[in-house]
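If you want this note's numbering, it's the 1-based position in the sequence shown plus 2. Working notes for the structure below.
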Amino acid sequence: MSPRYAHITGWGMAVPEEILTNDDLAKIVDTSDEWIFSRTGIRERRIANSDQTTASLAVEAAQRALEVASLHPGDLDMIIVSTSTPEFIFPATACIVQDRIGAVKAGAFDLLAACTGFVYAVNLASQAIKSNGSTNALVIGSETLSRFVNWKDRNTCILFGDGAGAFVLQASDEPGGVLSSVLRSDGSGGNLLSVPAGGSRFPVSMQSLYDGLHYIQMNGREVFRFATRVLTEATYETVEAANLTMDDINLLIPHQANQRIIEAAARGLNYPMEKVMVNLDRYGNTSTASIPIAAVEALDQGRLTPGDHTVLVAFGAGLTWGANLIKWTGPLPPTRRKVSPAVYRRFARIRSILARLRRRIEGFIWGNG
Ligand code: ACO
Numbered sequence: 003m004s005p006r007y008a009h010i011t012g013w014g015m016a017v018p019e020e021i022l023t024n025d026d027l028a029k030i031v032d033t034s035d036e037w038i039f040s041r042t043g044i045r046e047r048r049i050a051n052s053d054q055t056t057a058s059l060a061v062e063a064a065q066r067a068l069e070v071a072s073l074h075p076g077d078l079d080m081i082i083v084s085t086s087t088p089e090f091i092f093p094a095t096a097c098i099v100q101d102r103i104g105a106v107k108a109g110a111f112d113l114l115a116a117c118t119g120f121v122y123a124v125n126l127a128s129q130a131i132k133s134n135g136s137t138n139a140l141v142i143g144s145e146t147l148s149r150f151v152n153w154k155d156r157n158t159c160i161l162f163g164d165g166a167g168a169f170v171l172q173a174s175d176e177p178g179g180v181l182s183s184v185l186r187s188d189g190s191g192g193n194l195l196s197v198p199a200g201g202s203r204f205p206v207s208m209q210s211l212y213d214g215l216h217y218i219q220m221n222g223r224e225v226f227r228f229a230t231r232v233l234t235e236a237t238y239e240t241v242e243a244a245n246l247t248m249d250d251i252n253l254l255i256p257h258q259a260n261q262r263i264i265e266a267a268a269r270g271l272n273y274p275m276e277k278v279m280v281n282l283d284r285y286g287n288t289s290t291a292s293i294p295i296a297a298v299e300a301l302d303q304g305r306l307t308p309g310d311h312t313v314l315v316a317f318g319a320g321l322t323w324g325a326n327l328i329k330w331t332g333p334l335p336p337t338r339r340k341v342s343p344a345v346y347r348r349f350a351r352i353r354s355i356l357a358r359l360r361r362r363i364e365g366f367i368w369g370n371g
């Protein structure tokens with residue numbers, strides 16, 4: 003059997019309309035635009051409104067990615083939503099997305115590797131495709147971190163923003179796509195960045211609420227030191243695994259956490275900043291959504307074109323870190339008549355209502371016992 007390759011054939015992003023600037027933050031906590039920008043490179047971030055959720059942003063990004071790929075949602079066989087801010091502990095946010103886009107033949111699950119999650123998910127989907135376990139996969143990174151941030155803690159509330167990005171991965175005999183990946187973790191550093199309460203270890207209680215343990219806690223300095231080291235290491239390792247050198251890499255797309263971390267990584271790699279994608283000034287740290295959002299903007303700006311090699315590299319809570327090396331291709335020829343995603347979305351809603359109705363009728367006929 004000829005080898006299969008996993009190509010990125012569709013991409014999309016969605017960010018809330020509401021912008022929170024550094025000056026806005028300075029009205030809430032003791033900080034300034036000068037402090038935030040000089041320490042992080044962030045100018046503003048997007049904040050979800052009360053109607054927007056991790057799933058709704060994910061659906062919008064997914065819809066755009068499917069449109070670029072000209073792929074019918076019914077042809078998807080796998081949906082991975084990478085998120086640290088799922089809608090519920092269960093059901094998985096991926097299942098909500100599956101229902102809303104009408105991906106009737108897809109398995110769907112969430113993946114949690116914090117800001118490294120998208121890199122992990124791209125690797126998982128590409129391995130599934132290469133081993134014949136999947137043909138058309140949808141990978142989404144989506145976050146509403148604004149709901150887990152303590153808006154009184156200036157150490158953390160200045161960093162994060164909301165948003166989503168998605169890739170469609172498809173099988174092809176043509177060489178290219180995801181060429182190599184590196185995934186790493188070090189749980190001994192789990193305490194450096196966490197949301198301590200709300201899981202099974204410390205269920206939410208009056209005490210945990212009082213202590214603010216349901217908010218993001220971070221040791222910024224330690225995370226900073228860890229990040230600068232692992233971004234360089236993971237990039238080198240994934241480039242080496244693909245038998246390439248840094249000279250072959252046209253664009254580096256790092257996790258958008260901090261301008262100084264990104265610059266330190268570029269220095270460590272001896273790689274020019276002109277070839278590094280940075281857009282954190284406008285979105286802040288959107289965790290697992292930051293890489294696909296940066297990739298979509300790089301594509302829109304013509305900084306990533308077919309035939310280019312790009313490295314996606316990330317670090318995050320866990321601790322986790324990793325990288326993917328991708329030979330960029332673009333959409334494959336459509337497999338069937340294109341369906342307007344907006345129209346299909348309406349059908350998906352009707353189908354979902356009918357499925358619920360069927361369950362109620364079955365319950366009525368057969369009883370609930
Ligand atoms: N405004 C003004 N002053 C501040 C602010 C603020 N927003 N935040 C902290 N300070 C103060 C501190 O209180 C401290 O004052 P002190 O010396 O009197 O105690 C001083 O500024 C210096 O604080 P540091 O923590 O040393 O500042 P640093 O230069 O390290 O920058 C930062 C802090 C921006 C958080 C940095 O450490 C960082 O970016 N770390 C990495 C964080 C990160 O990337 N996290 C995301 C990981 S990805 C994921 O999985 C979610």
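All C-beta atoms, glycine included, are put in the ideal place defined by N, C-alpha and C.
Short Cβ contact (9 Å threshold) for T56 with S144: Closer than 9 Å, so yes.
Inter-residue spacing [alpha-carbon to alpha-carbon] between C159 and Y273: Approximately 31 Å, taken between the alpha carbons.
Within 9 Å, strictly: CB atoms of I295 and A108: Taking 9 Å as the Cβ cut-off, I295 and A108 do not qualify as a contacting pair.
Three-state secondary structure assigned by DSSP to D283: D283 sits in a helix when the DSSP states are folded into three classes.
L194, DSSP secondary structure in three states: Here L194 carries a helix assignment [DSSP, helix/strand/coil].
Buried or exposed (CB count within 10 angstroms, at least 16 for buried), A357: Classification of A357: exposed, given that the 10 Å Cβ count is below 16.
First and last residue of the uninterrupted beta strand (DSSP E) at D164: 164 to 174 is the span of the beta strand (DSSP E), which, as asked, contains D164.
At least three beta-carbon pairs within less than 8 Å, the segment 95 to 109 to the segment 346 to 353: With a cut-off of 8 Å, the segment 346 to 353 and the segment 95 to 109 count as touching, because enough Cβ pairs lie within range.
Where S182 sits in the DSSP three-state scheme: Three-state result, S182: strand.
Residue span of the alpha helix (DSSP H) that contains M208, given as start and end: Element bounds for M208: 208 to 213.
Status (buried if at least 16 other CB within 10 Å, exposed otherwise) for S292: A residue is called buried when at least 16 other Cβ atoms come within 10 angstroms of its Cβ; S292 meets this threshold and is buried.
Candidates M3, L68, E20: closest to Y346 by CA position: Looking at the Cα atoms, L68 is the closest of the given residues.
Three-state secondary structure (DSSP) of F317: F317 falls in the strand class under three-state DSSP.
7 Å Cβ shell around G222 - same chain, five flanking residues per side excluded: Here the set comprises N157.
Nearest-angstrom beta carbon gap, H257 and C117 [assumed within contact, 8 Å]: Between H257 and C117 the Cβ distance is about 5 Å, and since that is below 8 Å, they are a contact.
Pairwise C-alpha distance: L246 and P177: If I take the Cα positions, the gap works out to 15 Å.
G111 - partner residues in DSSP beta bridges: Sequence check: residue 111 is Phe here, not Gly. I82, per the DSSP bridge assignment.
Pick from L334, K132, I355 that is closest to T372, judged by C-alpha positions: Since the first residue of the chain shown is 3 and the last is 371, residue 372 is not available in this structure.
Every unbroken beta strand (DSSP E) inside the segment 86 to 161 [3 residues or more]: Qualifying beta strand (DSSP E) stretches, in chain order: 109 to 113, 138 to 146.
Those residues which DSSP pairs with G14 across a bridge: As DSSP reads the structure, G14 sits in a beta bridge with A168.
Residue range of the alpha helix (DSSP H) that includes I251: Counting along the chain, I251 falls outside any alpha helix (DSSP H), and DSSP gives it neither H nor E.
M3 versus A297, I98, K132, N252, residue with shortest Cα-Cα distance: Minimum Cα distance to M3 is reached at K132.
Cβ contact check for the segment 118 to 125 and the segment 183 to 194: 3 or more pairs under 8 Å: Using a Cβ-Cβ distance cut-off of 8 Å, the segment 118 to 125 and the segment 183 to 194 are in contact, since at least three pairs of beta carbons, one from each stretch, lie closer than that value.
CB of A64 within 9 Å of CB of A168, strictly: Against a cut-off of 9 Å, the Cβ pair of A168 and A64 comes out as a contact.
Distance CB(T240)-CB(N326) smaller than 9 Å: Result yes, Cβ atoms of T240 and N326 sit closer than 9 Å.
Continuous alpha helix (DSSP H) stretch holding T293: start and end: The question names Thr, but residue 293 in the sequence shown is Ile. Note, I293: alpha helix (DSSP H), 292 to 302.
Option in S128, G43, H74 with minimal Cα separation from I82: Ranking S128, G43, H74 by Cα distance to I82 puts S128 first.
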